[in-house]
Amino acid sequence: MSVCKRQIIRACLLSLGVAATLHTARADGSVNSLFAADFAQAPKLLHYGRPLSDDSLYALTVTGASWEQCWGPQTLFYMGWLNGGQNRLTGKDVNQRLKAVERALTDRDYQSIPSLSSGFTTLQISANPTLKLADGLALLRTGDPSGAFNILATPYHTIGRQDPALDYRFRSLAYQAAVKSGHIRSAISFGLSLVLQPKPVTLPAVPRLPQDVVSFLRDQGIDLERVALGILETPTGLRHMDYYTYAAADLICLKPTPDLLPVLFSMLHTGDTYLRARGIVALGSVDYHPTTRGDNWTRNILPDRQVNYGLSADQQNAIESTARQFLRDSNWRLRAAGCLALAFIGGDENHRLLDTMVNDKAYVLGPPDRSGMRWLTFPVRVAADTALTRWQEQVTPGGGMVDRNSLARETRGCTNVTGDTSGLRGTFASVIAVSPADTVLPRPQSPL
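Below, the structure written as structure tokens:
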């Protein structure tokens with residue numbers, strides 16, 4: 002995030018006392034005691050001499066950024082950064098032994114794996130992706146989660162091309178092992194890595210937040226919204242936390258409350274399309290006006306039950322007018338976000354405006370499969386269709402898996418926005434779908 006954007010958010014937080022309010026109201030004794038030493042040592046461990054906000058310290062500590070040895074030096078939640086050296090496997094029979102371990106893993110013969118890899122040192126097993134996965138799974142499945150954690154929660158050599166999906170699997174297994182073995186501090190750190198950097202998927206699938214992990218974190222007293230605020234406040238470049246700025250916006254959008262209004266309004270003025278889109282959806286949620294038919298339809302937009310907070314007339318007018326402006330924006334992400342925000346607000350005029358969005362021309366294409374079929378979606382139409390469920394109105398947004406002829410027919414006169422990164426920062430990572438109406442974004446440039 003640029004200095005200007007960060008200053009805007011920070012200024013709103015400090016001028017209105019939001020950061021202090023959140024810190025006091027949401028403090029959790031168990032979390033404070035679990036990470037007490039880490040909170041105190043974080044600035045020293047990070048080699049950062051300037052003062053950090055309480056929320057920054059909170060985020061840097063609970064994610065393990067200040068103390069977790071396995072996190073990467075460039076991309077925080079990536080463990081495949083280990084250099085070669087003495088832990089590389091050598092010897093004439095190495096390939097045969099590795100193949101034997103791979104066969105046992107394929108056959109799920111977990112009992113045999115420890116004996117097959119017994120000729121390797123623990124460091125070699127931890128550093129080699131094949132052995133790491135096999136032995137980690139074997140120990141986890143045969144009742145030794147602590148032993149599994151010691152192998153899984155360590156950096157390893159990337160052999161050949163880097164594999165984010167494999168790295169996610171290691172982080173997921175390490176999280177499971179930490180939970181089962183009672184390493185709660187590490188379980189929190191690995192759990193947050195799964196939330197902030199979820200499993201990569203291919204279109205048309207979209208990555209969802211691991212709800213079981215989210216529940217675990219909340220049960221442990223972790224305040225996800227405060228983690229998000231801390232990421233936004235962390236100085237640029239410090240442990241590369243700014244790489245997760247978009248993920249922080251996703252978390253703030255997930256369960257917004259009036260406490261976050263200053264942050265949400267600040268997001269609208271950053272000039273960043275992603276932050277602005279997330280901000281208006283979250284503001285629409287905070288300005289929720291219920292219907293007489295209940296709120297089950299709102300889960301088509303955000304997963305948690307919506308609350309009518311009763312904002313002031315000025316706040317309501319500011320949110321509604323911004324959402325309406327977004328409907329006329331040239332950027333499809335803002336038009337889609339405006340649709341979802343107005344659904345929460347309701348009203349006859351907003352209903353009429355949403356009806357005008359069901360023929361929006363923007364479309365996104367996935368890569369062709371082996372048969373040449375491609376995934377097609379009209380993201381603003383999908384958002385409008387989702388929004389209109391408030392009024393029990395359903396439209397057909399079009400799209401789906403299409404062949405070349407169908408693609409030409411359905412997109413005639415429309416605009417391909419698949420590669421549109423206007424207003425996005427390429428160094429920020431997040432494709433977390435917090436809403437069923439989300440359209441997966443073109444992936445930012447990633448260090449991976």
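For the sequence shown, my numbering gives the first residue as 2, with consecutive numbering after it. The beta carbon of each residue, even a glycine, is placed where N, CA and C say it ideally should be.
Give the secondary structure of residue i by DSSP, where H, G and I count as helix, E and B as strand, and everything else as coil.
| i | result |
| --- | --- |
| Thr378 | strand |
| Asp439 | coil |
| Val365 | strand |
| Thr416 | strand |
| Arg7 | Because the pLDDT of Arg7 is 48, which lies under 50, any placement of that residue in the model is unreliable, and the number read from its coordinates should be weighed accordingly. Helix at Arg7. |
| Arg162 | coil |
| Ala38 | helix |
| Thr155 | coil |
| Leu352 | According to the sequence displayed, residue 352 carries His and not Leu. In the structure shown, His352 sits in a helix (DSSP, three-state: H, G or I). |
| Asp110 | coil |
| Val308 | coil |
| Val287 | helix |
| Trp298 | helix |
| Asn129 | coil |
| Val75 | Per the sequence presented here, residue 75 reads as Gln, with Val not at that position. Coil. |
| Ile281 | helix |
| Met80 | coil |
| Leu141 | helix |
| Leu408 | helix |
| Ile185 | helix |
| His270 | coil |
| Thr390 | helix |
| Lys100 | helix |
Excluding the five sequence neighbours on either side, which residues of its own chain have a C-beta within less than 6 Å of the C-beta of residue i, listed in chain order?
| i | result |
| --- | --- |
| Ala385 | Cys340, Leu355, Met358, Val359 |
| Val435 | Asp251, Cys254, Leu255 |
| Thr257 | The residue you asked about is not Thr; residue 257 is Pro in the sequence shown. Only Ala283, Ser286, Val287 meet the Cβ criterion. |
| Ala249 | Ala229, Ile232, Leu233 |
| Lys459 | Shown here, the chain extends from 2 to 449; a query on residue 459 therefore has no answer. |
| Val180 | Ala188 |
| Met242 | Ile232, Thr235 |
| Ser313 | none |
| Val19 | Any reading at Val19 must be qualified, since the residue scores a pLDDT of 38, below 50, and its modelled position is unreliable; the value itself is stated next. The answer, listed in chain order, is Pro263. |
| Leu265 | Gly280, Ala283, Leu284 |
| Ser147 | Ser182 |
Could you check whether residue j and residue i sit closer than 9 Å to each other, using their CB atoms as the reference points?
| i | j | result |
| --- | --- | --- |
| Arg382 | Pro398 | yes |
| Trp298 | Val418 | no |
| Thr387 | Ala324 | no |
| Tyr1 | Leu77 | What the structure shows of the chain is the stretch from 2 to 449, and residue 1 is not part of that stretch, so it cannot be assessed. |
| Leu35 | Pro44 | no |
| Thr104 | Phe121 | With the sequence shown as reference, residue 104 is identified as Arg, and Thr is not the correct amino acid for it. Going by C-beta atoms, Arg104 is not nearer than 9 Å to Phe121. |
| Gln307 | Asp315 | no |
| Arg277 | Phe327 | yes |
| Leu138 | Tyr169 | no |
For residue i, list the residues DSSP reports as bridge partners.
| i | result |
| --- | --- |
| Met402 | Trp376 |
| Ala434 | Arg209 |
Note down, in chain order, each residue of its chain lying with its Cβ closer than 7 Å to the Cβ of residue i, except the 5 sequence neighbours on either side.
| i | result |
| --- | --- |
| Val102 | Ile114, Leu117, Ser118, Thr131, Leu132, Ala135 |
| Ser127 | Lys133, Ile152, Thr155, Tyr157 |
| Arg405 | Gly373 |
| Ile433 | Pro199, Pro208, Leu210, Ala248, Asp251 |
| Leu449 | Residue confidence for Leu449 is low, a pLDDT of 36 falling below 50, so the modelled location carries little weight; the figure read from the coordinates is stated next. Hits under 7 Å: Thr76, Tyr79, Gln163, Pro165. |
| Ser173 | Leu195 |
| Leu167 | Pro130 |
Hey, out of the options, whose CA is closest to residue i's CA?
| i | options | result |
| --- | --- | --- |
| Asn318 | Leu343, Ala60, Gly50 | Leu343 |
| Asn151 | Arg162, Gln163, Tyr176, Asp164 | Tyr176 |
| Tyr157 | Leu138, Trp82, Leu140, Ala139 | Trp82 |
| Tyr289 | Leu408, Ser407, Arg391, Arg51 | Arg391 |
| Trp68 | Ala324, Ser147, His48 | His48 |
| Glu350 | Ala363, Ser322, Asp94 | Ser322 |
| Gly311 | Asp243, Pro291, Gly161 | Pro291 |
| Gly280 | Ala338, Gln316, Leu425, Ser147 | Ala338 |
| Asn96 | Ser267, Met242, Asn129 | Asn129 |
| Thr378 | Ser216, Gln393, Tyr364, Asp421 | Tyr364 |
| Tyr275 | Pro259, Phe40, Leu61, Ser423 | Ser423 |
| Gln393 | Arg413, Asn301, Ser331, Arg371 | Asn301 |
| Gln452 | Ser216, Leu58, Gly148 | The question about residue 452 has no answer, for the chain in this structure spans 2 to 449. |
| Leu454 | Leu425, Leu303, Pro369, Leu106 | In the structure as shown, the chain begins at 2 and stops at 449. Residue 454 is therefore absent and cannot be evaluated. |
| Thr271 | Ala139, Arg426, Arg142 | Arg426 |
| Asp273 | Thr159, Leu335, Asp260 | Leu335 |
| Gly348 | Thr293, Ser331, Asp56 | Thr293 |
| Ser331 | Lys100, Asp421, Gln212, Leu140 | Asp421 |
| Pro259 | Phe171, Gln70, Ile320, Pro201 | Ile320 |
| Asp305 | Gly238, Ser267, Gln212, Leu269 | Gln212 |
Excluding the 5 residues flanking residue i on each side, which residues of the same chain have their C-beta closer than 8 Å to its C-beta?
| i | result |
| --- | --- |
| Leu389 | Ala344, His352, Leu355, Asp356, Val359, Gln395, Val396 |
| Val214 | Tyr176, Gly192, Leu195, Val196 |
| Val63 | Val32, Phe36, Ile189, Ser190, Leu193, Ile223, Val228 |
| Arg51 | Pro236 |
Is residue i a contact residue of the ligand NAP, with contact defined as CB to any heavy atom under 8 Å?
| i | result |
| --- | --- |
| Gly222 | Looking for the ligand NAP in the displayed structure turns up nothing, as the structure carries no ligands at all. |
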